[in-house]
Amino acid sequence: MEVVLAIAIGVLTSSGVWLVLRPRTFQLVIGLSLLSYAVNLFVFSIGGLAIDKEPILIEGVTPNLDNYTDPVPQALVLTAIVIGFAMTALLLVVTLASRGITGTDHVDGAEP
Amino acid sequence: MTGAVSGVVRTAMPHLIVAPVLLPMLCAGVMIVLAEHRRPLKLVLGATSTLVGILISLALVLGVDRGGPVTYLVSNWPVPFGIALAVDRLSATMLLLTWILGGAALLYGSARWHRVGVHFPALFQLQLMGLSGAFLTADIFNLFVFFEILLAASYGLLLHGAGESRVRASVRYVAVNVVASSVFLIGIATIYGVTGTLNMAELAARLSGASVANRHLVDAGATLLAVAFLIKAAAWPLNFWLAPAYRAASPPAAAMFAVLTKVGVYTLVRLWNLMFAGGPLAGFGADGLFVFGLGTALLAGFGMLASHRIAAQASWGVIISAGTLVAALGTREPEALGGALFYLVPSTLASAAAFLLADVVDRWEAGATVVEEAPFLTASLEDEGEVNLDDEAAPLVGRPIPASIALLGFAYMTCALLIAGFPPLPTFLGKAAMLRAAIGLAADGGAGLHAAAFAGVILVCGLLGLVALTRTGIRTFWSGGGRHPPVVRAAEALPVLALLGLCGALTLAAGPAMRLAQTTAASLRDRQEYIEAVRRASVTPPPGSPRGLEDVPR
């Protein structure tokens, strides 16, 4: 499971970085989205992967990380996802405005 | 009088810490609900909030200077679990600087710039909220959240007034900052994965133990965090987004942005002193910070030399100041850090004043005889390519100088000397303190090359800044014959003069201010004071409960 997740994060990150370095705003937006998916998966996985374990305390079960999964990364990733959505929406607005005003979808606002 | 004030501060104390975050948040909420035509009301609300904010941060500075760091548990959870806000001398000083800049920029914006777009006062309050939170929080993930708040507000402020150059600069500004935030998150996650904590004080305590497991992962996480903060602090080679963005921003927004790079510097100073001042990881990354800081300052010096407009030169001035601060942190000398913290305040104030001044000068150069209501960035305000400085020269002898030109000229001269760092202005005093620390370092033996590079870059940057700013000054004020005298409103002159007056006051009060800066640096280096204050923060038991939350098993 760890290997699959690691490969997924790696593929997402590398495609994200490649797209961010491309010259068109659409590629930039998709690249940043992929990058934020990779980061979210990474944040989610830092507490260690666990199957069939809950983050919420159950009566009578010793509260330690052998019986539960770490709740903090889940809280973190939730916040990060929300912020990532907001920033992507904002970036979309700015790139649309740039397309409308400059007449090109190059990130520099002018064809090279 | 002071007794009464300190009494009030003591009573309000742990709760006063959260006030600089809550106050602008509430104000922004009210402002967004108010209709757009209620602009005067919004401005009055913003001014009141900013004034109260300045008073609160002043009270915090005085309170922590006397009584040491104080912690506020936001959700009343014990320390490693919940989010804590903590204020020490460094945070309190940065807060005061931020709110003063906020007040000056808002006053300037109230003259005419607030009309060119919607929600200007609300965005301003959100910017202040994000900045205050970033300076106050003692939790690295909460730091990320406040960073995003201040960045979101800064995206809005950068786009304020729209226009092609602002939108073009915004695309790059937003993209770079979103990438930086991703790097920041990866760094936080790595650090949490290794140490199991997000609280800065707890993190420092765990990292200063005898041995640290998975040390290479801590190094990797810290390096990622440093990259994120260096992007925010506009360190070379990740700073090419800054100058076009700040030059394009509306002047009040640009004046506020003068403190944004300092947030990056602040977090570096805070985290590096907490994580790597002692213990097995001591000194990690210091050489990297030193080299990148010097490179940033030097290249920004040449950038300033290559630009012609005051706003562009002020942007490069912001980068010079950030580079100098990062390099001073990299020397690992508490005395150099103290000098750097002293230098931080007037250099930020001077850059902000220069951004405001640039607007008045631009309007004057464009030949405006009245203050038009809604200014937009025109093509003529772009940095032109080659300028022949001698063509328009005309003799000035025997002509009366209008008061507004005298005012602008005096303000410009003071700004230029402040940015270049000349005596007796406070930026010079800060640089002198840093140079003395560097020379002391060389005299102790060992780090001679470090000291020489540091001193050389600081002096060369001062020279480059002086040459660039003098040239612009001559072209603007001495060879501008035949133009109408500039029209300056009181609301425009007042913030510029107030910012420069504060720098003057800092020269007069250099003794106490330098003592505060050096005490701050010493306590940052010692770090026990901060760690103890955060870890010892006690939970308030809920009313009617027989036992406090401290009994939660750890």
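Just so you know, the sequences run in chain order W and Z. Take the first sequence: its position 27, counted from the start at 1, is 22 in this note's numbering, and no numbers get skipped. Here this note's numbering = 1-based position in the second sequence + 9. Where is the CB? At the ideal position from N, CA and C, for every residue including glycine. The structure presented is a predicted model; accordingly, all values stated were derived computationally and were not measured.
DSSP-derived helix/strand/coil call for residue i
i	result
tyrosine 63 of chain W	coil
histidine 225 of chain Z	helix
leucine 44 of chain W	coil
histidine 101 of chain W	strand
valine 96 of chain Z	strand
leucine 453 of chain Z	This sequence places aspartate at residue 453 of chain Z; leucine is not what is there. Aspartate 453 of chain Z: coil per DSSP, three-state reduction.
valine 272 of chain Z	helix
arginine 19 of chain W	strand
threonine 549 of chain Z	coil
valine -1 of chain W	helix
valine 79 of chain Z	strand
threonine 74 of chain W	helix
threonine 146 of chain Z	strand
asparagine 151 of chain Z	helix
asparagine 248 of chain Z	coil
asparagine 35 of chain W	helix
asparagine 85 of chain Z	coil
aspartate 399 of chain Z	With a pLDDT of 45 at aspartate 399 of chain Z, under the threshold of 50, the modelled position of that residue is not reliable, and the figure given next carries that caveat. Coil.
proline 404 of chain Z	Below a pLDDT of 50, predicted positions are generally treated as unreliable, and proline 404 of chain Z, at 43, falls in that range; the measurement from the model is reported next regardless. Here proline 404 of chain Z sits in coil by DSSP.
Rounded Cβ spacing between residue i and residue j (contact assumed at less than 8 Å)
i	j	result
glycine 62 of chain Z	glycine 111 of chain Z	7 Å
leucine 14 of chain W	glycine 5 of chain W	Not quite, the Cβ-Cβ distance comes to about 15 Å (not below 8 Å), so this is no contact.
alanine 114 of chain Z	proline 261 of chain Z	4 Å
valine 89 of chain W	serine 179 of chain Z	5 Å
glycine 310 of chain Z	cysteine 512 of chain Z	Not confirmed; about 21 Å, so no contact.
isoleucine 65 of chain Z	alanine 28 of chain Z	5 Å
leucine 69 of chain Z	leucine 25 of chain Z	6 Å
arginine 534 of chain Z	alanine 286 of chain Z	6 Å
valine 24 of chain W	leucine 86 of chain W	6 Å
leucine 283 of chain Z	leucine 212 of chain Z	7 Å
valine 176 of chain Z	leucine 166 of chain Z	Not really, about 14 Å apart at Cβ, beyond 8 Å.
leucine 251 of chain Z	serine 324 of chain Z	6 Å
alanine 210 of chain Z	tyrosine 421 of chain Z	Contact flag wrong, Cβ pair sits at about 44 Å.
valine 79 of chain Z	methionine 22 of chain Z	6 Å
Cβ-based neighbour list, residue i, same chain, cut-off 6 Å, excluding 5 preceding and 5 following
i	result
alanine 522 of chain Z	Leu515
tryptophan 245 of chain Z	Gly304, Thr305, Leu308
glycine 439 of chain Z	Gly348, Phe351, Tyr352
alanine 92 of chain Z	Just to set this straight, residue 92 of chain Z is isoleucine in the shown sequence, not alanine. Within the same chain, isoleucine 92 of chain Z has close Cβ partners Val83, Asp148, Asn151.
tyrosine 164 of chain Z	Val183
isoleucine 428 of chain Z	Gly326, Ala359, Gly474
glutamine 527 of chain Z	Gly347
proline 435 of chain Z	Pro355, Cys512, Leu515, Thr516
Neighbourhood of residue i by C-beta distance below 7 Å, restricted to the same chain and skipping five residues each side
i	result
arginine 215 of chain Z	Thr204, Thr206
valine 575 of chain Z	One cannot answer for residue 575 of chain Z here, as it falls past the ends of chain Z, which runs 10 to 563.
leucine 43 of chain Z	Leu50, Lys51
alanine 101 of chain Z	Ser66, Leu69, Val70, Val73
alanine 345 of chain Z	Ala337, Met443, Ala446, Ala447
leucine 106 of chain Z	Val268, Val354, Thr357
alanine 456 of chain Z	Leu450
valine 38 of chain W	Pro68, Leu71, Val72, Ala75
alanine 45 of chain W	Thr64
glycine 104 of chain W	Ser93, Thr97
is_contact[residue i, chain C] using C-beta, thresh 9 Å
i	result
tyrosine 255 of chain Z	Included in the structure are the protein chains W and Z, with no chain C among them.
Residues near residue i by beta carbon distance below 8 Å, same chain, minus five either side
i	result
leucine 473 of chain Z	Gly310, Phe311, Met313, Leu314
phenylalanine 509 of chain Z	It should be pointed out that residue 509 of chain Z corresponds to leucine in this sequence rather than to phenylalanine. Answer for leucine 509 of chain Z: Leu358, Ala359, Ala362, Ala420, Thr423, Cys424, Leu427, listed in chain order.
* Cβ-based contacts, 7 Å cut-off: residues of the segment 11 to 43 of chain W near chain Z -> Val15, Thr20, Leu23, Leu27, Leu30, Ser31, Val34, Phe37, Val38, Ile41
* Asked: Taking Cβ-Cβ distances below 8 Å as the criterion, which residues of the segment 91 to 103 of chain W are in contact with chain Z?
  -> Ala92, Ser93, Ile96, Thr97, Val102, Asp103
* Touching or not, the segment 116 to 134 of chain Z and the segment 177 to 193 of chain Z, by the rule of three or more beta carbon pairs under 8 Å? -> no
* Validate contact between the segment 266 to 276 of chain Z and the segment 503 to 519 of chain Z using beta carbons, cut 8 Å, 3 pairs -> no
* Any residues in the segment 179 to 202 of chain Z with a beta carbon nearer than 8 Å to a beta carbon of chain W? Which ones, in chain order? -> Ser179, Val180, Arg181, Val183, Ala184, Val187, Val188, Ser190, Ser191, Leu194, Ile195, Ile197, Ala198, Thr199, Tyr201, Gly202
* Just checking, does the segment 254 to 273 of chain Z make contact with the segment 361 to 369 of chain Z on the three C-beta pairs under 8 Å criterion? -> yes
* Hey, is the segment 139 to 148 of chain Z in contact with the segment 156 to 172 of chain Z, meaning 3+ C-beta pairs nearer than 8 Å? -> yes
* Cβ-based contacts, 9 Å cut-off: residues of the segment 73 to 85 of chain W near chain Z -> Thr74, Ala75, Ile78, Gly79, Ala81, Met82, Thr83, Leu85
* Determine contact between the segment 55 to 74 of chain Z and the segment 30 to 38 of chain Z, defined as no fewer than three beta-carbon pairs at a distance below 8 Å. => yes
* Asked: Would you call the segment 475 to 494 of chain Z and the segment 316 to 336 of chain Z touching, i.e. three or more CB-CB distances under 8 Å?
  -> yes
* Asked: Counting Cβ pairs, one atom from each stretch, are 3 or more of them under 8 Å apart for the segment 333 to 342 of chain Z and the segment 491 to 501 of chain Z?
  -> no
* Contact between the segment 283 to 300 of chain Z and the segment 432 to 451 of chain Z: three or more CB pairs below 8 Å? -> no
* Listed in chain order, which residues of the segment 148 to 159 of chain Z have Cβ atoms closer than 7 Å to some Cβ of chain W? -> Phe150, Val154, Glu157
* Does the pairing of the segment 276 to 285 of chain Z with the segment 324 to 331 of chain Z give three or more beta-carbon distances under 8 Å? -> no
* To do: For the segment 23 to 42 of chain W and the segment 72 to 82 of chain W, state whether three or more C-beta atom pairs, one from each stretch, are separated by less than 8 Å.
  => yes
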